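There are 2 protein chains.
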Amino acid sequence: LVTVLGAGSWGSALGVLLANGGHAVRMWDADRAVLRDIRLNRRNARYLRDAELPESMDSADELPEALRGATLVVIAIPAAGVSDACGRAGSHIPADVSVVSATKGLCPVTGRRMSEVISDCAGVAAERVVALSGPNLALEVCAGVPTATVVSGPSRERMEEALRYFSGPRFRVYTNPDTVGVELGGALKNVIAIGAGINDGLGFGDNTKATVLTRGLAEMTRLGTALGARAETFRGLAGLGDLIATSVSAKSRNYRVGLGLGRGRALAEVLADLGQVAEGVSSAQAVLRVAAEQGVDVPICRAVHDVLFGGLDPREAVAGLMSREPKDEIEECAVALGNTGAARG
Amino acid sequence: LVTVLGAGSWGSALGVLLANGGHAVRMWDADRAVLRDIRLNRRNARYLRDAELPESMDSADELPEALRGATLVVIAIPAAGVSDACGRAGSHIPADVSVVSATKGLCPVTGRRMSEVISDCAGVAAERVVALSGPNLALEVCAGVPTATVVSGPSRERMEEALRYFSGPRFRVYTNPDTVGVELGGALKNVIAIGAGINDGLGFGDNTKATVLTRGLAEMTRLGTALGARAETFRGLAGLGDLIATSVSAKSRNYRVGLGLGRGRALAEVLADLGQVAEGVSSAQAVLRVAAEQGVDVPICRAVHDVLFGGLDPREAVAGLMSREPKDEIEECAVALGNTGAARG
Numbered sequence: 001l002v003t004v005l006g007a008g009s010w011g012s013a014l015g016v017l018l019a020n021g022g023h024a025v026r027m028w029d030a031d032r033a034v035l036r037d038i039r040l041n042r043r044n045a046r047y048l049r050d051a052e053l054p055e056s057m058d059s060a061d062e063l064p065e066a067l068r069g070a071t072l073v074v075i076a077i078p079a080a081g082v083s084d085a086c087g088r089a090g091s092h093i094p095a096d097v098s099v100v101s102a103t104k105g106l107c108p109v110t111g112r113r114m115s116e117v118i119s120d121c122a123g124v125a126a127e128r129v130v131a132l133s134g135p136n137l138a139l140e141v142c143a144g145v146p147t148a149t150v151v152s153g154p155s156r157e158r159m160e161e162a163l164r165y166f167s168g169p170r171f172r173v174y175t176n177p178d179t180v181g182v183e184l185g186g187a188l189k190n191v192i193a194i195g196a197g198i199n200d201g202l203g204f205g206d207n208t209k210a211t212v213l214t215r216g217l218a219e220m221t222r223l224g225t226a227l228g229a230r231a232e233t234f235r236g237l238a239g240l241g242d243l244i245a246t247s248v249s250a251k252s253r254n255y256r257v258g259l260g261l262g263r264g265r266a267l268a269e270v271l272a273d274l275g276q277v278a279e280g281v282s283s284a285q286a287v288l289r290v291a292a293e294q295g296v297d298v299p300i301c302r303a304v305h306d307v308l309f310g311g312l313d314p315r316e317a318v319a320g321l322m323s324r325e326p327k328d329e330i331e332e333c334a335v336a337l338g339n340t341g342a343a344r345g
Numbered sequence: 346l347v348t349v350l351g352a353g354s355w356g357s358a359l360g361v362l363l364a365n366g367g368h369a370v371r372m373w374d375a376d377r378a379v380l381r382d383i384r385l386n387r388r389n390a391r392y393l394r395d396a397e398l399p400e401s402m403d404s405a406d407e408l409p410e411a412l413r414g415a416t417l418v419v420i421a422i423p424a425a426g427v428s429d430a431c432g433r434a435g436s437h438i439p440a441d442v443s444v445v446s447a448t449k450g451l452c453p454v455t456g457r458r459m460s461e462v463i464s465d466c467a468g469v470a471a472e473r474v475v476a477l478s479g480p481n482l483a484l485e486v487c488a489g490v491p492t493a494t495v496v497s498g499p500s501r502e503r504m505e506e507a508l509r510y511f512s513g514p515r516f517r518v519y520t521n522p523d524t525v526g527v528e529l530g531g532a533l534k535n536v537i538a539i540g541a542g543i544n545d546g547l548g549f550g551d552n553t554k555a556t557v558l559t560r561g562l563a564e565m566t567r568l569g570t571a572l573g574a575r576a577e578t579f580r581g582l583a584g585l586g587d588l589i590a591t592s593v594s595a596k597s598r599n600y601r602v603g604l605g606l607g608r609g610r611a612l613a614e615v616l617a618d619l620g621q622v623a624e625g626v627s628s629a630q631a632v633l634r635v636a637a638e639q640g641v642d643v644p645i646c647r648a649v650h651d652v653l654f655g656g657l658d659p660r661e662a663v664a665g666l667m668s669r670e671p672k673d674e675i676e677e678c679a680v681a682l683g684n685t686g687a688a689r690g
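Structure (structure tokens):
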């Protein structure tokens, strides 16, 4: 039995994936209407539109019941709710079972990564927590579109266990021991994707967008390596891959938030229409705090933050990013990559 | 006076950019109907749709007349035609004038880079040749969408001269001394972009596409560094930036070739509809030859090549790319990046 905490689009898509892979799956969420829809109608109309759910997927309203007998626990709750849910779930998580974090975000209060929050708040040893992240639009995973992802944790056994649970003919799982990088990739790309959406909402072109994403990846890498991640991880599926998927797809919530802002709509209105959490909105605040602590310059995240919360005009934000002084690109890259000393070919 | 050889969409867009920047511009092309359209109608209906051309842009039918008095020569001819045109133009290029290569491709016969072909065939010292490459969809540059690009050459003076010619409020120019990387980025990304188009034509999703592009950049970097390029260049505008712009935009010819193939159309039919050269088609052959010489594995370029010329079914090509054995992502990245020894953060 796999228990999935969080029956939004991503948690439910992972539930469908696991159920189709032969596992019994039990969903839990704070929203009981969604759980009832799953149990009674074999649907999650709110988050997965008209997908029919597998027979082996059910739900439970209470955490103790949801977690009883679980051999794997997956957490796919919005970042802002993870500490609370884990505090309540922790004592019910069976001993020694692995916990997979599928939440892409940072704690809005402390800026900490989700695996850290889960370990602390659920009282689960850090060794048991595995992060799962990659270019994984939920609706596509649910529809069985060929997809690749990355699992990462401090223990190879736990990573390989997660790999076995999730792997399937249309879901390829890679391992990467750099958990800091894998988790930061998933959190930071949402902020950059809001920027990509702003670009498109303003009617700027693909040339501009490609430049924003190129510099966005350099910015993610710069902050990530300052926090202990490996630069290579940001060039992989959990970094660049997820950045691209999130920034080019109308299925991406963070992209759509930016798109609405770029078209001149107010944040509250855009979020109300979305009807779901866009992690990049709260991540933007956490990212700025962490970057300031590290003394790392994050001009794109700052611009997105200032559009979201500081009244910055979206057009000025993008124009500002495109109008820095001309200079040597390699020097800029070298700074961006933290002078990792990559050899000349 | 700037002379632009090649009045296709990219040459003409650069001509418009230079003319709007205050330069007199003279266009030359093998197609005299286009030159006449420019002279008489102030249009290039075939390649730039309904854009009105600046007063300071004219054209000349003959190379000696086109090149007389030029203070800068720009070459934007399809790769397959560069050696011939340069052979004819060479003796008419004024002494000591810089030659900017805006062609993104490789010589289909030798696999050599355009700056090498230009220098040899025009009899111009290598020191005078500068490459210009980046995420630069021609129609967007012509429309004045904010755009960034990279110039590269063996001499800092020549790079800065090109920077001054092309820079404008909506066209930011960066310098990068790694000419091998800048030119290979522009050539290799066209092949990967055909793969991205195939993915979309098949109806595969953004998850798959993001994975193909992530691995595509690793593949570009692997081959490029084997040929003497710097890995950082592929993470910059002329690598990742151009890869994104070309792979997500319906304005990209190479992407559209892939899109048609993915939808099951024949190559000849797709190219006939395009009515313009898609450089990735001939580059795919040159890339495979060069990769074989270097002993570098290029699975995406090979799959694209085999769809183009070997009768490989597009669906099998993408499925094959997505179904390699699960393994550790960092190891794969390390191989992909040629073990450049990037430091752990």
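So the sequences go chain by chain: A and B.
Just so you know, the first sequence maps onto residues 1 to 345 in the working numbering.
Just so you know, the second sequence maps onto residues 346 to 690 in the working numbering.
Idealized CB from N, CA, C, for every residue including glycine.
These figures come from a predicted structure and were not determined experimentally.
**Asked** In the segment 483 to 497 of chain B, which residues sit with their C-beta less than 8 Å from some C-beta in chain A, listed in chain order?
**Response** Glu485, Val486, Ala488, Val490, Pro491, Thr492, Ala493 and Val495
**Message:** Taking the straight line between their C-alpha atoms, what separation do you get for alanine 292/A and glutamate 116/A?
**Reply:** 20 Å
**Asked** Taking Cβ positions only, does aspartate 50/A come closer than 9 Å to chain B?
**Response** no
**Item:** Stretch-stretch touch, CB-based, cutoff 8 Å, three pairs: the segment 214 to 227 of chain A with the segment 147 to 154 of chain A
**Value:** no
**Prompt:** Excluding five sequence neighbours on each side, which residues of the same chain lie with their C-beta closer than 7 Å to the C-beta of valine 318/A?
**Reply:** Ile198, Asn199, Leu202, Phe204 and Thr208
**Item:** Closest by C-alpha distance to alanine 369/B, when choosing among Val418/B, Glu505/B and Val641/B
**Value:** Val418/B
**Message:** Can you find the residues in the same chain that come closer than 8 Å, C-beta to C-beta, to alanine 629/B, ignoring five residues on each side of it along the sequence?
**Reply:** Val536, Ile539, Cys646, Val649, His650, Leu653 and Phe654
**Message:** Assuming valine 495/B and alanine 583/B are in contact, meaning their beta carbons sit under 8 Å apart, how far apart are those beta carbons, in whole angstroms?
**Reply:** 4 Å
**Segment limits, beta strand (DSSP E) that includes aspartate 58/A** = 57 to 59
**Runs of beta strand (DSSP E) wholly within the segment 242 to 315 of chain A (minimum 3 residues, chain order)** = none
**Message:** What does the alpha-carbon distance come out to for the pair glycine 360/B and threonine 570/B?
**Reply:** 33 Å
**Close Cβ partners of arginine 112/A (< 7 Å) along its chain, the five nearest in sequence each way excluded** = Leu106
**Asked** Could you give the residue range of the beta strand (DSSP E) that holds threonine 225/A?
**Response** Counting along the chain, threonine 225/A falls outside any beta strand (DSSP E), though it belongs to the alpha helix (DSSP H) covering 206 to 226.
**Request:** Can you check the segment 129 to 189 of chain A for any alpha helix (DSSP H) of at least 4 residues that lies completely inside it and give the ranges in chain order?
**Result:** 138 to 142 and 156 to 166
**Item:** Test: valine 191/A CB closer than 9 Å to a CB of chain B
**Value:** no
**Asked** Among residues of its own chain, excluding the 5 on either side of glutamate 506/B, which ones have a beta-carbon nearer than 7 Å to its beta-carbon?
**Response** Ser443
**Request:** Please check the pair asparagine 521/B and aspartate 328/A, which I expect to be a contact at CB under 8 Å, by giving their CB distance rounded to whole angstroms.
**Result:** 7 Å
**Prompt:** Is any beta-carbon of chain A found at less than 9 Å from that of isoleucine 383/B?
**Reply:** no
**Request:** Return the residue from the list Phe234/A, Cys86/A, Val82/A and Leu132/A that minimises the CA-CA distance to serine 167/A.
**Result:** Leu132/A
**Request:** Answer yes or no: does any C-beta atom of chain B fall closer than 9 Å to that of aspartate 242/A?
**Result:** yes
**Prompt:** Based on Cα-Cα distance, which residue from Ala611/B, Arg509/B, Ala631/B and Arg377/B lies nearest to alanine 405/B?
**Reply:** Arg377/B
**Prompt:** Is there at least one Cβ from chain B nearer than 9 Å to arginine 253/A's Cβ?
**Reply:** no
**Request:** Check whether the Cβ atoms of leucine 261/A and leucine 267/A lie closer than 9 Å to each other.
**Result:** yes
**Item:** Short Cβ contact (9 Å threshold) for leucine 408/B with tryptophan 355/B
**Value:** no
**Asked** For valine 361/B, does the three-state DSSP call read helix, strand or coil?
**Response** helix
**DSSP state of threonine 3/A mapped onto helix, strand, coil** = strand
**Prompt:** To which residues of the same chain is alanine 688/B closer than 6 Å at the C-beta, ignoring the five residues directly before and after it?
**Reply:** Note that alanine 688/B scores a pLDDT of 32, beneath 50, so its modelled location is shaky; the value from the coordinates is reported in the next line. Hits under 6 Å: none found.
**Message:** Counting only C-beta atoms, is alanine 532/B closer than 9 Å to chain A at any point?
**Reply:** no
**Message:** Comparing C-alpha positions only, which one of Thr578/B, Gly656/B and Val622/B sits nearest to glycine 353/B?
**Reply:** Val622/B
**Message:** So threonine 211/A contacts chain B; which residues on that side make the cut at Cβ distance below 7 Å?
**Reply:** Pro480, Ala493, Leu582 and Gly586
**Request:** Could you confirm whether any beta carbon from chain B is found closer than 9 Å to the beta carbon of glycine 6/A?
**Result:** no
**Prompt:** In its own chain, which residues sit with a C-beta less than 7 Å from the C-beta of leucine 163/A, not counting the 5 before and 5 after it?
**Reply:** Val151, Val173 and Thr175
**Item:** Whole beta strand (DSSP E) elements within the segment 21 to 87 of chain A, 3-residue minimum
**Value:** 25 to 28, 57 to 59 and 72 to 75
**Residue closest to arginine 170/A, alpha-carbon to alpha-carbon, out of Cys142/A, Gly69/A and Ala125/A** = Cys142/A
**Prompt:** Which value, in whole angstroms, describes the spacing of the CA atoms of alanine 70/A and glutamate 55/A?
**Reply:** 18 Å
**Below-9 Å beta-carbon distance, asparagine 20/A vs any chain B residue** = no
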